[in-house]
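Asker: Take this structure, written in structure tokens, and hold onto it; I'll ask about it next.
In our numbering, the protein residues as written are -1 to 214.
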């Protein structure tokens, strides 16, 4: 099942109203719904979270980096110095956006230090934003995390579809099948509108258990 724009908008608003605090925890920043300043049909979910001032220095294994580091302009990782790199607060802007190509929710995010400087991919992957085994066996380039057998990168860099600002995003290829597998195991029936809300909740469950800790 793919999700249309009206279905996505309605499911997101119901999720924020009914389930946001339950999924994230009452002490965590909850999601808000945002509309495009001028155009209809470009709404998205948004929240901002603070990340620890230190990196999760062991989260990124140097073996993930390609052998051709010069070609991809990557530097070897100094894990000993990683934990002391950031002295100020890190803010992570997170967005749930509908992919018009795949018809599924897609997570976009950016991370900036206290001066507003965006972090590089190598820096981002060393934060506790990701689970330790999220990209096990993957290869890291300057702007993506890839599996050798996959047609699309797991994590890539591009423009936010509504804000037109550059963000990291989890590629939505494969999302539909993974979410529907969860739904098939827990199908409750009910009206179509509730199915779209359950689809969104299952999507959050998928990401929180496999890739991104969306609980803050």
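Glycine residues also receive a C-beta, built at the ideal position from the N, C-alpha and C atoms.
Values in this document were obtained by computation on a predicted structure and should not be read as measured data.
Assuming contact is defined by CB atoms lying nearer than 8 Å, are residue 1 and residue 194 in contact in what I supplied?
Answerer: The residue labelled residue 1 in the question sits at position 3 within the chain shown. The residue labelled residue 194 in the question sits at position 196 within the chain shown. Yes, these two residues count as a Cβ contact at 8 Å.
Asker: Beta strand (DSSP E) containing residue 46: first to last residue?
Answerer: Taking the first residue of the chain shown as 1, we reach residue 46 at position 48. First-last of the beta strand (DSSP E) with residue 46: 42 to 49.
Asker: Would you kindly work out how many angstroms separate the C-alpha atoms of residue 208 and residue 176, rounded to a whole number?
Answerer: The residue you call residue 208 lines up with position 210 of the chain shown. The residue you call residue 176 lines up with position 178 of the chain shown. Looking at the two C-alpha atoms, the distance is approximately 11 Å.
Asker: Would you identify the three-state DSSP class for residue 89, choosing helix, strand or coil?
Answerer: In the chain shown, the residue the question calls residue 89 occupies position 91. In the structure shown, residue 89 sits in a strand (DSSP, three-state: E or B).
Asker: Going residue by residue through the segment 145 to 199, where are the continuous beta strand (DSSP E) segments of at least 3 residues, counting only ones entirely within it?
Answerer: Here the runs fully enclosed are 153 to 157 and 164 to 168.
Asker: Can you find the residues in the same chain that come closer than 6 Å, C-beta to C-beta, to residue 106, ignoring five residues on each side of it along the sequence?
Answerer: Counted from its first residue, the chain shown places residue 106 at position 108. These residues qualify, in order along the chain: 93, 95, 158, 165 and 167.
Asker: DSSP on residue 129, reduced to helix/strand/coil?
Answerer: Against the chain shown, residue 129 aligns to sequence position 131. Coil, per DSSP.
Asker: Closer than 8 Å is the cut-off here; do at least three beta carbon pairs connect the segment -1 to 17 with the segment 29 to 37?
Answerer: Judged by Cβ distances under 8 Å, the segment -1 to 17 makes contact with the segment 29 to 37, as three or more pairs qualify.
Asker: Under 8 Å, do residue 122 and residue 91 count as touching if we go by C-beta distance?
Answerer: Here residue 122 refers to the residue found at position 124 when the chain shown is read from its first residue. Here residue 91 refers to the residue found at position 93 when the chain shown is read from its first residue. No, these two residues do not count as a Cβ contact at 8 Å.
Asker: Pick helix, strand or coil for residue 206, following the three-state DSSP scheme.
Answerer: On the chain shown, residue 206 is found 208 positions in, with the first residue counted as 1. Looking at residue 206 - three-state DSSP - the assignment turns out to be helix.
Asker: To the nearest angstrom, report how far apart residue 203 and residue 120 are at their CA atoms.
Answerer: Numbered from 1 along the chain shown, position 205 holds the residue referred to as residue 203. Numbered from 1 along the chain shown, position 122 holds the residue referred to as residue 120. Using only the alpha carbons, I get a separation of about 26 Å.
Asker: Cβ of residue 50 within 8 Å of Cβ of residue 126?
Answerer: Working through the chain shown from its first residue, we reach residue 50 at position 52. Working through the chain shown from its first residue, we reach residue 126 at position 128. Cβ atoms of residue 50 and residue 126: closer than 8 Å.
Asker: How many Å lie between residue 173 and residue 44 at the Cα?
Answerer: The count along the chain shown starts at 1 and reaches residue 173 at position 175. The count along the chain shown starts at 1 and reaches residue 44 at position 46. Roughly 20 Å between the two C-alpha positions.
Asker: What is the DSSP secondary structure of residue 303, reduced to helix, strand or coil?
Answerer: As displayed, the chain neither begins before -1 nor continues past 214, which places residue 303 out of reach and without an answer.
Asker: Start and end of the beta strand (DSSP E) containing residue 13?
Answerer: Here residue 13 is taken as the residue at index 15 of the chain shown, counted from 1. Not the beta strand (DSSP E): residue 13 falls in the alpha helix (DSSP H), residues 3 to 16.
Asker: In this structure, does DSSP put residue 31 in helix, strand or coil?
Answerer: One-based indexing of the chain shown puts residue 31 at position 33. It is a strand residue.
Asker: Find out if the Cβ-Cβ distance for the pair residue 143, residue 133 is shorter than 8 Å.
Answerer: What you label residue 143 is simply residue 145 of the chain shown in a count that begins at 1. What you label residue 133 is simply residue 135 of the chain shown in a count that begins at 1. Contact flag set, yes.
Asker: If we define contact as Cβ-Cβ less than 8 Å, is residue 113 a contact residue for chain D?
Answerer: Judged by its chain identifiers, the structure shown contains no chain D, having just a single protein chain.
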